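Contents: one structure, followed by commentary.
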């Protein structure tokens, strides 16, 4: 067997697994983490109230809702899709949860039903995208609008209280309770990220999600049912929105018909800040966690510094813009 | 007679290939010059040099008696050279008139003079026998009619030289007739025309002279009257085959794949059989329907009629997944668009089709098993990569192709379809791919080799099927087949005429 080794060049390696700690490549890969640490250090100096256990736990708890939704959003965005309906799914499944609890349905059962409803509502978007071949932006704009309408009809435009029963008290633990000194929503957030990380990195479905976002045609020709994968990611995204809705509803002991307005944009911002490409195929779930934390800590810091909420929006916008420009610059 | 446009000894090289090697072309006023050659003979490159899209490395372009240099398509067009591309460059949402005069609408004080515009277009359409109003939206026309609009646009430039690249591909017979009338008119008015086509019959009908290219080189320029179809074919393919193909003679196994009267995806009534251990070549010109046929067999296009039988069992093919499960694997012709996921690693690409084999029933990937299997193929295929986790984008074309083939083979198929397996692959890796193909057939795999590279298909195949315009137009044994026969079948000469 003759081989022509001169003609087949070995391309210099630059993206292998083993990246040296604190090397230039590592610094670039972990730039969101570095930005987050930098943010924490700077704010700690400016505001003495910042670096306390209470404030950190408080901020993490506030961040948990956005972070959990962002896990589902990350998967959708890795497939080169987008899900605008998460806020609407959150409002509707929150309304379901509140009315179930108000009718004294067992908490476990109520939670299961709520999660299932989120899964189904997300699957609707997935089916429209996959079977209807509708662009994700339009498909989820449609489901967002429709579900907002359904929520208004279901709640009659009024908040639904979970009531003052023992059942409602148990339910509210999910939003207000503590376990080992740490708020329950933080535990939920950590578990969801662990599950999301496992799914994306260690399962066949996760591999298929990346493949689909990288090249849909090649994925289909590799014998993968791409429609199934699309429906799965939108369902999971709906599921994470439902999980977030339980935390919010439990915390407020009621479901607001307008809950979750604009949450889709916060989730997308967290995903993008975490370095996931809107073009699909690339992204890390832990990046999303960092992205969500950057937004959370930034909000918290600006609050502590008494910056008006109007200026907070400007600050958030600047950070996102900066992150995206840095990311593009180094591509 | 003096040529109006003359390209002499044009050289053009790209990083891996010399596309044009001292190529020449003359265009005479009042004459139609045919330009013929195989796929990759350099016709398109020559046209890109001629219209200024590429700058030649060496050579001379003379236009109307003076040496010129075209800076780009707009420059050459302004000087009177129009080209009608094979693929349409029109805007579907605009009207016929808007398309034809896009960017040079007659205006007064910035306002478009619609009446004048429509009158001009009306006249053009009448000349071409197009029965549509200038205000008709382009998108509502058939592809053939759109092609005629493209031709009308070229005419509107009052060009001295008009180049037509496979203009009749999408035209019906009547449309072709009116196009030929127009070509005659233009010729009588003294314009020079270059007519590029694979359809030799048309060349004898409409052209005055023929220029033949082969492998980027100028072979001959002769009046049509001095040539026959067979002579042209011979000159198009006339190169010698060297023994670069490691052909192993093997006893063929039983028939394993049987395709009966398959229709759909532009393929008409295709039937053939394939034995295990056999390499069946599919030859033909671009657009002959070979890839389309393979996608039917692979379940990636809808079958309208006919059946695919594997081991005596008729397959229900609704997706590539069905075909893969049944034992048919397909390696696509274009690894960048639908062969590989470029953003993923060597490992992830290679195991994509057979990932289920490395997973627990709950869907968890057994990373160690996956790594071992991938490493086995990296060694067997001699894939040069710094590691399994290397992003595949960073590998050379040959190594990327090996990963794409490994992905198919890892699934242990009975039938392996290789669509242009050596396109864009360097010589060394080519050799290795040929060795691998022979190895697979020794293991009893049945192989379909689709290739536009004639020496490759003649050197590797046990049997060759030629396709033309969606139909099987010839079948040859290894002993019968030669380049002339394949080319003749590829341009659609009848089987009776061939022997």
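Protein chains in written order, with the working numbering: chain X, 8 to 338; chain L, 822 to 1320. Using N, Cα and C, we set each Cβ at its ideal position, and we do this for glycine too. In this text the structure is predicted, and so the values were computed from the model without any measurement.
Under a criterion of Cβ atoms nearer than 7 angstroms, the residues of chain L adjacent to residue 228 (chain X) are, in order, 1121, 1141, 1151, 1153 and 1159. At least one C-beta of chain X is nearer than 8 angstroms to the C-beta of residue 1162 (chain L). In this chain, the beta strand (DSSP E) harbouring residue 986 (chain L) covers 982-986. Taking C-beta atoms as the reference points, residue 1289 (chain L) and residue 1105 (chain L) count as a pair closer than 8 angstroms. Contact with chain X is absent for residue 1182 (chain L), since none of that chain's Cβ atoms lies less than 8 angstroms from the residue's Cβ. Here DSSP, grouped into helix, strand and coil, assigns residue 1028 (chain L) to coil.
Interface flag for residue 335 (chain X) against chain L is unset, since no Cβ pair is found closer than 8 angstroms.
Of all residues in the stretch 1203-1229 of chain L, only 1203, 1205, 1206, 1207, 1208, 1210, 1211, 1212, 1215, 1216, 1217, 1219, 1220 and 1228 come within less than 8 angstroms of chain X when Cβ atoms are compared, listed by chain position. At a cut-off of 8 angstroms between beta-carbon atoms, residue 1165 (chain L) makes contact with chain X. Buried is the label assigned to residue 248 (chain X), since at least 16 other Cβ atoms lie within 10 Å of its Cβ.
Measuring C-alpha to C-alpha distances from residue 940 (chain L) to each of L:955, L:1308 and L:1166 identifies L:955 as the nearest.
In this structure, the straight-line span from the alpha carbon of residue 164 (chain X) to that of residue 269 (chain X) is close to 18 angstroms. A Cβ-Cβ separation of about 7 angstroms places residue 90 (chain X) in contact with residue 271 (chain X) under the 8 angstroms criterion. Around residue 1185 (chain L), the beta-carbon contacts reaching into chain X at under 9 angstroms are 205, 209, 210 and 211. Residue 988 (chain L) and residue 1035 (chain L) have their C-alpha atoms some 21 angstroms from each other.
Per DSSP, reduced to three states, the secondary structure at residue 100 (chain X) is helical.
In the structure shown, residue 1203 (chain L) falls within a coil segment according to DSSP collapsed to helix, strand and coil. Legend: CB atoms of the stretch 823-844 of chain L lying less than 7 angstroms from CB atoms of chain X are not found in any residue.
Looking from the CA of residue 73 (chain X), the closest CA among X:326, X:324 and X:255 belongs to X:255. Residue 902 (chain L) is bridged by DSSP to L:982. The shortest CA-to-CA distance from residue 891 (chain L) to any of L:876, L:963, L:1140 and L:903 is the one to L:876. A residue is called buried once 16 or more other Cβ atoms fall within 10 Å of its Cβ, and residue 211 (chain X) is buried on that count. The contact set of residue 1169 (chain L) on chain X, defined by CB atoms closer than 8 angstroms, consists of 214, 217 and 218 in chain order. Residue 332 (chain X) counts as exposed, since fewer than 16 other C-beta atoms from the protein chains shown sit within 10 angstroms of its C-beta. Sorting X:94, X:70 and X:34 by C-alpha distance to the C-alpha of residue 244 (chain X) places X:94 at the top.
Judged by DSSP secondary structure, residue 1292 (chain L) falls within the beta strand (DSSP E) whose first and last residues are 1292-1298. Within chain L, the residues 1159, 1160, 1161 and 1162 have their CB atoms less than 7 angstroms from the CB of residue 225 (chain X), given in chain order.
Considering only L:1148, L:1088, L:1140 and L:1151, the residue with the shortest C-alpha distance to residue 1127 (chain L) is L:1088.
If the five residues before and after residue 1238 (chain L) are omitted, its C-beta is found closer than 6 angstroms to the C-beta atoms of 1115, 1151 and 1269, all from its own chain and listed in chain order.
Rounded to the nearest angstrom, the gap between the Cα atoms of residue 1215 (chain L) and residue 76 (chain X) is 34 angstroms. Between residue 292 (chain X) and residue 204 (chain X), the C-beta gap is smaller than 8 angstroms, which places the two residues in contact.
Look at the stretch 896-954 of chain L and you find these whole runs of alpha helix (DSSP H), each 4 residues long or longer: 917-921 and 935-948. In this structure, the alpha-carbon of residue 99 (chain X) lies about 33 angstroms from that of residue 221 (chain X). Looking only at L:1129, L:1227 and L:1107, the smallest Cα-Cα distance to residue 1084 (chain L) is reached by L:1129.
Rounded to whole angstroms, residue 225 (chain X) and residue 1242 (chain L) show a C-alpha spacing of 16 angstroms. In this structure, DSSP gives residue 1094 (chain L) an extended state, which the three-state scheme calls strand.
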